[in-house]
Amino acid sequence: MNGPSSRLLALLTLLQGRRAWPGGELAGRLDVSGRTIRRDIDRLRELGYPVDALTGEGGGYRLHAGTAMPPLLLDDDEAVAIAVGLRTAAGASVTGIEETSVRALVKLEQVLPSRLRRRVNALKSATATLAATGPTVDPEALSVIAAACRDCERVDFSYASRDGTRSRRHVEPLSLVNRGSRWYLVAWDCERRDWRTFRVDRLERPSPAASRFEPRELPMADAAAYVEANLSGAPSRYQARVTLFAPAEQVRSPYLWGDVQSLDAQRCEYRTADDSLDWLAIRIVMLGVDLEVHEPPELVERFRELAGRFGRATAGA
0 MNGPSSRLLA LLTLLQGRRA WPGGELAGRL DVSGRTIRRD IDRLRELGYP VDALTGEGGG
60 YRLHAGTAMP PLLLDDDEAV AIAVGLRTAA GASVTGIEET SVRALVKLEQ VLPSRLRRRV
120 NALKSATATL AATGPTVDPE ALSVIAAACR DCERVDFSYA SRDGTRSRRH VEPLSLVNRG
180 SRWYLVAWDC ERRDWRTFRV DRLERPSPAA SRFEPRELPM ADAAAYVEAN LSGAPSRYQA
240 RVTLFAPAEQ VRSPYLWGDV QSLDAQRCEY RTADDSLDWL AIRIVMLGVD LEVHEPPELV
300 ERFRELAGRF GRATAGA
């Protein structure tokens with residue numbers, strides 16, 4: 000470590016990141032003696048950080064749960080990462096988080112040293128963020144579900160399927176997955192006795208069921224892979240077929256969700272799907288190339304409506 004202050008910051012970071020640490024493991028992580036660790040723990044306590052000593056083989060330490068903490072200490076990279084994250088969250092798909100993120104960012108920038116403020120402002124001036132489109136989710140619902148995932152606690156909620164049918168669900172939550180503008184919950188459905196993927200914007204009033212469970216093994220590598228496989232395998236309401244007037248190898252976009260097949264040197268066919276006509280149209284337009292929509296008929300009609308609207312918007316220009 001570079002010095003006692005840097006070592007204290009590293010020690011505090013370790014204590015904040017895990018429930019409990021054996022003293023010997025802390026000493027090994029920081030490459031110091033056990034005596035130095037004990038002295039640094041005493042120094043943290045003098046600064047107001049409530050660190051409990053654990054009894055048992057080897058002893059250990061943990062931050063006292065439920066106690067108000069002094070201001071967080073952040074190293075340079077952590078402070079910049081938080082600032083960038085808050086700027087990104089200002090355009091996110093969580094209801095109300097935009098204003099909250101801006102308020103938190105203003106507070107953070109007020110206490111940043113000038114050298115870090117310059118780094119954050121440089122990122123701000125060189126970065127553009129597209130505002131989120133489509134449905135948003137309740138941040139309180141995300142918090143409840145995330146806590147239940149962490150604590151292995153069953154959750155109850157009301158859920159609306161794609162056709163609007165509502166049902167009550169009792170699940171064992173595994174993980175939240177963010178995919179672009181949408182959030183998904185991967186969970187074991189206790190009544191259907193199988194794994195399910197739930198759109199978080201379609202569920203209401205999630206609440207802990209006051210019962211714990213032993214985590215089950217997901218039949219895939221991770222929750223993100225499970226959601227991706229589920230979405231690619233599940234039929235969406237609208238199946239689109241579009242001709243793109245560009246070579247297949249030149250079609251690149253973060254909104255390219257689907258299959259692209261070359262037709263000739265100047266054209267390719269794009270097939271994609273979604274439950275929302277508007278979101279489907281936006282994604283196709285955002286590919287940034289000339290195109291012709293063939294199906295479904297509902298999408299063709301929606302493009303006609305949008306073309307008329309855009310034409311009227313520029314009629315007086």
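Numbering that gives the first Met the number 0 applies: residue 0 is where the sequence shown begins, and numbers increase by one.
The C-beta atom is built at its ideal place from N, Cα and C for all residues, glycine as well.
Owing to the predicted nature of the structure, the values given are computational and were not obtained by experimental measurement.
Sixteen is the threshold: since fewer than 16 other Cβ atoms of the shown chains lie within 10 Å of the Cβ of Leu46, the residue is exposed.
For a cut-off of 8 Å, the C-beta gap from Val250 to Val241 is around 11 Å, too long to register as a contact.
Your pair Trp194 and Pro218 checks out as a contact, with CB atoms roughly 7 Å apart and the cut at 8 Å.
Excluding residues up to 5 positions away in sequence, Pro205 lie with their Cβ nearer than 6 Å to the Cβ of Val143 in the same chain. When C-alpha distances from Asp273 are compared across Arg161, Phe212, Thr196, the shortest belongs to Arg161. By the Cβ neighbour-count rule, Thr135 is buried, with 16 or more other Cβ atoms within 10 Å of its own. Val226 sits close to Arg178, with the two beta carbons spaced by under 9 Å.
For Leu111, same chain residues with a beta-carbon under 8 Å away, outside a window of 5 residues either side, are Ala78, Ala82, Val119 in chain order.
Rounded to the nearest angstrom, the gap between the Cα atoms of Thr35 and Ser210 is 43 Å. Annotation for Leu14: Leu62 place their beta carbon closer than 6 Å to its own, counting only its chain and skipping 5 residues before and after.
DSSP places Val50 within a strand segment (E or B) once states are collapsed to three.
At the C-beta level, Arg198 and Arg181 come within 9 Å of one another. Residue environment for Phe156: buried (at least 16 other C-beta atoms within 10 angstroms of its C-beta). The beta carbon of Arg18 lies closer than 7 Å to those of Arg61 in the same chain, with the five residues before and after it left out. Using a 10 angstroms sphere on the CB of Glu171, the tally of other CB atoms reaches 16 or more, which defines it as buried. By the Cβ-count criterion, Val176 is buried, with 16 or more other Cβ atoms from all chains shown falling within 10 Å of its own Cβ. Its chain contains Pro21, Gly22, Ala52 as the residues whose beta carbon lies nearer than 8 Å to that of Gly58, once the 5 sequence neighbours on both sides are disregarded; these appear in chain order.
Going by beta carbons, Ala159 and Leu202 fall inside the 9 Å limit. About 14 Å separates the Cβ atoms of Leu7 and Asp30, ruling out a contact at the 8 Å cut-off. The bridge partners DSSP lists for Arg6 come to none. In this model, Arg116 and Leu104 are separated by some 11 Å (Cα to Cα). At the C-beta level, Ala280 and Arg311 stay beyond 9 Å of one another.
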